[in-house]
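Note sheet for the following structure.
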Amino acid sequence: MSAPGAPLAVLAELTHRCPLQCPYCSNPLELERAAGELDTASWQAVLAEAAAMGVLQVHFSGGEPTARKDLEILVRHAAGLGLYTNLITSGVLLDPARIASLAAAGLDHVQLSFQDSRVDGGDRIGGYAGGHEKKIAVARLVRAAGLPLTMNAVVHRQNLDHLGELIEMALAFDAGRLEVAHVQYYGWALVNRAALIPTREQLERATAIVVEARERLKGRLVIDYVVPDYYAKRPKSCMGGWGRQFLNITPAGKVLPCHAAESIAGMHFENVTERPLKEIWQRSSAFERFRGTAWMPNPCRTCERREIDWGGCRCQAFALTGNAGTVDPACGLSPDHEALLALANAESAAPPPPLRYRRIGDAPKMPPEPLSRLGEPA
Amino acid sequence: MSARVEIGGASVPRLPQHVKLRYDETRKQWVILAPERVLVPDEIALEILRLCDGVASVSTIVDMLAAKFATPRAEIACDVQEMLQDLADKGMVVA
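Chains A and B, in that order, give the protein sequences.
Okay, so the first sequence: first residue is 553 according to the working numbering, each after it adds one.
Okay, so the second sequence: first residue is 23 according to the working numbering, each after it adds one.
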């Protein structure tokens with residue numbers, strides 16, 4: 553087999569520390585403590601390796617990446633390597649001086665999260681009092697500093713009916729782009745699925761709002777829409793395929809094919825402190841495991857969409873069936889698909905349970921039971 | 023709140039600061055880097071984008087392309103304007 557092409561983008565999770573406690577956080581249940589984080593020089597070395605192997609973009613993320621005092625140093629370093637630099641932030645730690653110093657360091661773009669359109673919902677879902685108002689101020693400061701802004705709104709049953717208001721906010725902030733991302737159910741979000749999964753009717757209303765707004769706001773606001781695939785006929789092309797375009801580096805330096813990959817039990821992910829990044833990308837067992845189409849079960853193996861959706865999402869297959877190598881239950885051709893739909897319908901129709909907030913050292917012991925126990929054997 | 027960029031003959035298009043046209047040495051091709059996007063322009067788009075310097079108007083760009091490819095101006099004017107409008111709607115070009 554020929555060597556895989558180089559990744560286009562790296563998600564650099566600088567830290568798991570975060571003032572917010574969003575119950576759908578994409579970080580793993582077992583969060584890294586500050587003492588385990590790579591130091592500045594190690595991140596600089598990794599960024600240089602990434603640029604040399606053909607990576608074009610780096611997304612500085614977390615946790616909350618601005619919790620790292622060396623963020624400016626890393627942005628400047630990445631920009632100097634010719635990488636396109638994006639900051640994915642909750643914004644609550646930013647002030648005008650910090651924004652100015654990040655802009656001066658060569659930051660290309662800011663993606664700022666909002667948990668709701670309303671103060672009460674935003675502060676409640678983020679688990680951070682005063683956060684919503686702070687974010688509104690930061691959105692304006694980012695634009696005032698001349699930085700382009702994407703507003704990111706993670707949506708679910710508790711805020712989806714405010715989607716129209718979220719779109720208006722993005723316009724008011726002069727954001728060039730709005731990312732409406734339905735929660736994807738791994739890790740913390742899986743623990744909170746029953747509290748977050750929208751009804752099919754809610755989802756259809758939201759989709760109609762996005763379709764209408766895209767047309768109405770053409771040339772003013774680009775809206776990216778990440779759909780929840782529990783109600784889909786075909787799975788999402790997760791990460792554009794395992795180990796094809798994207799890699800994720802954890803605060804401790806582990807290299808993952810996606811941010812949720814550690815949720816798959818029994819996999820070993822190599823560390824940038826122990827092996828060159830390029831080798832990990834090209835040859836490590838974790839990246840080879842689900843790369844391409846050779847690993848696929850039937851019916852994926854002969855599916856005409858096998859190089860479109862690349863078998864969907866391995867983390868989802870594992871979360872729902874206990875087997876990362878099986879058909880993604882989001883696919884209508886999966887033997888688990890009907891059980892998944894039934895589960896989505898049942899959970900979304902029931903009253904939402906209390907949110908389980910994301911806190912370091914507070915990993916829930918028991919994620920939801922796999923689908924297989926509802927019907928099909930694994 | 024910004025208004026839609028309408029591309030006309032007199033518009034002077036350029037790439038916004040956060041959209042970068044760059045040669046990718048690894049893949050031996052030109053790429054457009056934008057927020058959470060990497061686009062590979064085709065040859066025609068690349069020719070047009072390289073002329074979007076914030077000085078030349080769309081009309082001038084059409085003149086230059088017509089001369090370079092020895093094509094009647096009328097044949098390409100619409101295509102150039104359409105492509106720039108499409109890029110503007112995606113936030114890749116401002117004027």
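Cβ atoms here follow ideal geometry from the backbone N, Cα and C, with glycine treated the same way.
{"Item": "Touch test, the region 100-111 of chain B against the region 24-36 of chain B, Cβ-Cβ under 8 Å, three pairs minimum", "Value": "yes"}
{"Item": "Residues that residue 734 of chain A contacts on chain B, provided the C-beta gap is smaller than 7 Å", "Value": "Chain B residues near residue 734 of chain A: none, gap ~17 Å exceeds 7 Å."}
{"Item": "Interface flag, residue 563 of chain A vs chain B, CB-CB below 8 Å", "Value": "no"}
{"Item": "Neighbour-count burial assignment, residue 820 of chain A, 16 or more Cβ in a 10 Å radius", "Value": "exposed"}
{"Item": "Length at least 4, wholly inside the region 790-839 of chain A: the alpha helix (DSSP H) runs in chain order", "Value": "829-835"}
{"Item": "Nearest-angstrom Cα separation, counted from residue 54 of chain B out to residue 67 of chain B", "Value": "11 Å"}
{"Item": "Classification of residue 921 of chain A by the beta-carbon crowding that lies within 10 angstroms, buried from 16 upward", "Value": "exposed"}
{"Item": "Closer than 7 Å at the beta carbon, the chain B residues around residue 667 of chain A", "Value": "Simply none; closest approach about 20 Å."}
{"Item": "For residue 104 of chain B, three-class secondary structure by DSSP", "Value": "helix"}
{"Item": "Closer than 8 Å to chain B by CB, residue 707 of chain A", "Value": "no"}
{"Item": "Alpha-carbon spacing of residue 628 of chain A relative to residue 660 of chain A, whole angstroms", "Value": "11 Å"}
{"Item": "C-alpha distance - residue 802 of chain A paired with residue 567 of chain A, whole-angstrom precision", "Value": "8 Å"}
{"Item": "Per-residue DSSP class, three states only, for residue 33 of chain B", "Value": "coil"}
{"Item": "8 Å Cβ cutoff, residue 928 of chain A in contact with chain B", "Value": "The predicted position of residue 928 of chain A is uncertain, since its pLDDT is 47 and thus under 50; a value taken from the coordinates is nonetheless stated next. For residue 928 of chain A, the answer is no, since every Cβ of chain B falls outside 8 Å of its Cβ."}
{"Item": "Within-8 Å CB hit, residue 49 of chain B to chain C", "Value": "The structure shown has no chain C; the protein chains it does contain are A and B."}
{"Item": "Proximal residues to residue 816 of chain A (C-beta, below 8 Å), its chain only, five neighbours per side dropped", "Value": "866, 867, 870 and 876"}
{"Item": "Chain B within 8 Å of residue 560 of chain A, Cβ atoms only", "Value": "yes"}
{"Item": "Straight-line Cα distance separating residue 711 of chain A from residue 653 of chain A", "Value": "34 Å"}
{"Item": "Span of the beta strand (DSSP E) around residue 43 of chain B", "Value": "42-46"}
{"Item": "Rounded separation between residue 666 of chain A and residue 115 of chain B - CA only", "Value": "27 Å"}
{"Item": "For residue 825 of chain A, the nearest candidate out of A:911, A:593, A:556 and A:810 (CA to CA)", "Value": "A:593"}
{"Item": "Whole-Å CB distance - residue 687 of chain A paired with residue 664 of chain A, under 8 Å assumed", "Value": "6 Å"}
{"Item": "Chain-ordered chain A contacts of residue 26 of chain B [CB-CB under 8 Å]", "Value": "770, 771 and 772"}
{"Item": "is_contact[residue 606 of chain A, chain B] using C-beta, thresh 8 Å", "Value": "yes"}
{"Item": "Residue 744 of chain A in three-state terms, based on DSSP", "Value": "coil"}
{"Item": "Alpha-carbon spacing of residue 880 of chain A relative to residue 887 of chain A, whole angstroms", "Value": "9 Å"}
{"Item": "Status (buried if at least 16 other CB within 10 Å, exposed otherwise) for residue 86 of chain B", "Value": "exposed"}
{"Item": "Residue 930 of chain A versus residue 856 of chain A: straight-line alpha-carbon distance, rounded", "Value": "Residue confidence is low: residue 930 of chain A scores 38 on pLDDT, short of 50, so the model does not pin down where it sits. Its coordinate-derived value is still stated next. Spanning the two alpha carbons is a distance of roughly 25 Å."}
{"Item": "Alpha carbon of residue 931 of chain A to alpha carbon of residue 102 of chain B, nearest angstrom", "Value": "Residue 931 of chain A lies beyond the range of chain A shown here (553 to 930); nothing can be said about it."}
{"Item": "Residue interval of the alpha helix (DSSP H) (run including residue 592 of chain A)", "Value": "592-605"}
{"Item": "Range of the contiguous beta strand (DSSP E) that encloses residue 661 of chain A", "Value": "661-666"}
{"Item": "Contacts that residue 792 of chain A makes with chain B (C-beta to C-beta distance below 9 Å)", "Value": "Result: empty, since nearest Cβ-Cβ is about 11 Å, beyond 9 Å."}
{"Item": "Interface flag, residue 76 of chain B vs chain A, CB-CB below 8 Å", "Value": "no"}
{"Item": "Unbroken beta strand (DSSP E) run spanning residue 721 of chain A, endpoints", "Value": "Segment 715-724 is the alpha helix (DSSP H) holding residue 721 of chain A; no beta strand (DSSP E) there."}
{"Item": "Coil, strand or helix - residue 776 of chain A by DSSP", "Value": "strand"}
{"Item": "Between the CA atoms of residue 98 of chain B and residue 570 of chain A - distance to the nearest angstrom", "Value": "53 Å"}
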